[in-house]
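Structure first, commentary second.
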Amino acid sequence: MKQIVFLVPQGVNLAGLEQARLGLAEACSYRKQQNLPMPFEVSLAGAHSEIRAGNGHYTIHPDHLLPDIPQADLYIVPPTAPSPAALNDNAALIGWIASQFAQGAPVASLCMGSALLAAAGILDGLRAVTHWQALEAMQQAFPRVRWNAEKTMDFDGGIFTSGGAVSASRLILHLIEMHSDRATAIYCAKVFQLDYERHSQLPFSIFNGWKEHGDASIMPVQSFLERHYSEKITVEQLCDSFAMGRRTLERRFRKATGQSVLEYQQRIRVEAAKRQLEMTSSTISDVMYGVGYNDAKAFRDTFRKYSGLSPLAYRERYQ
């Protein structure tokens, strides 16, 4: 029987923790009904005897406390806020994760739980998944990590990471299948009504453009692109308008936003197209022209790149 321990941080997202814990419990219940061996035993551990959740509305009492957390086959870090205050509140747990990983302990994170792994330094140089809404903030806070907000989950350097809520559930299903069998995982997917084969966050992502970078010269460029997304605007025109050399503009824009000028423009256009597909009855051709594209193939390819779906499939899902 595998031992799985949730490392519960202060300020834990209770829904994220419980969704995962209940998923593992359901797997055990199913296996018991089938007269099959129990795949794992689950417990909660933390640095404090009382762990706050839900802005203090809930209190969790872990089964184990630092430094007496038992050896486990997998330690899972549920989501919490990635803010400096939250990381400071969990400094002891972060230090424990770093020391145990150095000794070979296997770890995984659910959604923003990856912030604790990053703060422990164990994600440096590795691929790691985060929620699409937190991508830019995580890139700014932990630039040595190769963050991704397209996949639902990833495995690199012996570490599992996953995206938001349902994406984290996809990781739990994967762990259930890995430690028991596919039939158990499929059963749990049906009980919790999860799409077992969903591998991308893209159909759910919203691009807003990172504005917390502090580069006052780039903010007006972003605003200009966002206001004039339907127009054909070249980098040269931006350089003339904002009195910057091309190399300087492109370097500072990428550093500030995490995107090239072209990528930023494409993502703004796709977001505008998504809103029109959701809220209007305009034809796909009219939407295409309205956001600045004249080539149907280029529009479809770019739309699929950033949304994970064709324009037609996107409309069918969200209208």
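Counted from 1, the sequence shown has number 142 at position 142 by full-length UniProt numbering; the numbering is strictly sequential. Just so it is clear, CB atoms sit at the ideal spot from N, CA and C, and this is done for glycine as well. Owing to the predicted nature of the structure, the values given are computational and were not obtained by experimental measurement.
Please identify the residue among the options whose C-alpha is closest to the C-alpha of residue i.
i: G157; options: A105, A81, Q19 and Y306; result: A105
i: P143; options: M288, Q3 and K255; result: K255
i: V145; options: N35, A115, H228 and A102; result: A115
i: I159; options: Q237, Q266, A185 and A102; result: A102
i: D63; options: R275, L44, Q237 and V77; result: L44
i: residue 321; options: G46, M38 and I60; result: This structure gives no information on residue 321, because the portion of the chain shown stretches from 1 to 319.
i: I206; options: G245, V261, H131 and F242; result: H131
i: G164; options: K2, T184 and E150; result: E150
i: K305; options: R275, E278, E263 and Y293; result: E263
i: F204; options: D124, G95, E271 and P39; result: E271
i: K2; options: F40, L126, R247 and Q259; result: F40
i: F155; options: E136, E236, Q140 and L175; result: L175
i: R269; options: R198, P311 and R246; result: P311
i: E226; options: C239, C111 and W210; result: W210
What's the gap between the Cα of residue i and the Cα of residue j?
i: Y30; j: L24; result: 10 Å
i: H57; j: Q193; result: 28 Å
i: M138; j: Q33; result: 42 Å
i: A53; j: H228; result: 43 Å
i: F253; j: G121; result: 27 Å
i: G113; j: A85; result: 15 Å
i: P79; j: E231; result: 41 Å
i: A27; j: A168; result: 16 Å
i: D181; j: W147; result: 30 Å
i: G125; j: A141; result: 14 Å
i: F224; j: G95; result: 44 Å
Give me whichever residues DSSP pairs with residue i in a beta bridge.
i: W147; result: A128
i: G46; result: L65
i: K2; result: F40
i: Y75; result: V5 and V107
i: I122; result: Its beta-bridge partners do not exist; DSSP assigns none.
i: residue 323; result: Residue 323 lies beyond the residue range present for the chain, which begins at 1 and ends at 319; the question has no answer from this structure.
Since residue i and residue j should fall inside the 8 Å C-beta cutoff, what is the C-beta to C-beta distance between them, to a whole number of angstroms?
i: S200; j: T161; result: Incorrect: roughly 15 Å between the Cβ atoms, too far for contact.
i: V5; j: I69; result: 6 Å
Please go through the region 158-198 and give each complete alpha helix (DSSP H) segment of 4 or more residues, from N-terminal end onward. 165-179 and 182-191
List, from N- to C-terminal side, the alpha helix (DSSP H) runs of 4 residues or more that fit wholly inside the UniProt domain "HTH araC/xylS-type" (219-317). Counting whole runs of 4 or more residues, the UniProt domain "HTH araC/xylS-type" (219-317) contains the alpha helix (DSSP H) stretches 219-227, 235-242, 246-257, 261-279, 284-290 and 296-307.
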